[in-house]
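Asks:
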Amino acid sequence: MVYGYKSGEVHFRLKHGLNPAPLIKDSYNDLTICVESVAKLTSCFFPNPNIQDFFIDIHLKYFQNCTNENDPMTEDAPQEVVIGLTLLSVSFIPIMVYLVARS
Numbered sequence: 001m002v003y004g005y006k007s008g009e010v011h012f013r014l015k016h017g018l019n020p021a022p023l024i025k026d027s028y029n030d031l032t033i034c035v036e037s038v039a040k041l042t043s044c045f046f047p048n049p050n051i052q053d054f055f056i057d058i059h060l061k062y063f064q065n066c067t068n069e070n071d072p073m074t075e076d077a078p079q080e081v082v083i084g085l086t087l088l089s090v091s092f093i094p095i096m097v098y099l100v101a102r103s
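Spelled out as structure tokens, the structure:
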């Protein structure tokens, strides 16, 4: 019943241009507490790969279109930038080894 209420509230907020994130966060929190309680009762450690898969399945089922098309972080960085930054950071390794060995 609570899920139905929250689900309806999320749809209402989306329809009227309001932010549904607080309700979604509350739902995930409720689900986490529930799953953690069941894991403790069954003497399973938490989190574990099965529980992570469960959360991913829930997310894929109910939040298929949750990406924001205007979010600049949805695109990968250009390959030249990635290679340049990787080489720059890796080039510090010999310098650090030299400094440690010298002292």
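Read in UniProt numbering, the sequence shown has 14 at position 14, and its numbers run on one by one without any break.
Each residue gets a CB set at the ideal place from its N, CA and C atoms; glycine is no exception.
Note that this is a predicted model, so its numbers are computed, not measured.
When burial is assigned at 16 or more other CB atoms within 10 Å of the CB, is Ser89 buried or exposed?
Replies: Exposed: under 16 other Cβ atoms inside 10 Å.
Asks: Using the Cβ count rule (16 or more neighbours within 10 Å means buried), how would you classify Ser103?
Replies: Exposed is the call here.
Asks: Measuring CA to CA, which of Gly17, Ala101, Tyr28, Ile95 is closest to His59?
Replies: Out of Gly17, Ala101, Tyr28, Ile95, Tyr28 has the C-alpha closest to the C-alpha of His59.
Asks: Determine the DSSP secondary structure at Ile39, reduced to helix, strand or coil.
Replies: Rather than Ile, the amino acid found at residue 39 in this sequence is Ala. Helix, per DSSP.
Asks: Take every Cβ of the region 78-86, pair it with every Cβ of the region 41-60, and state whether three or more of those distances are shorter than 8 angstroms.
Replies: Counting Cβ pairs under 8 angstroms, fewer than three are found: no touch.
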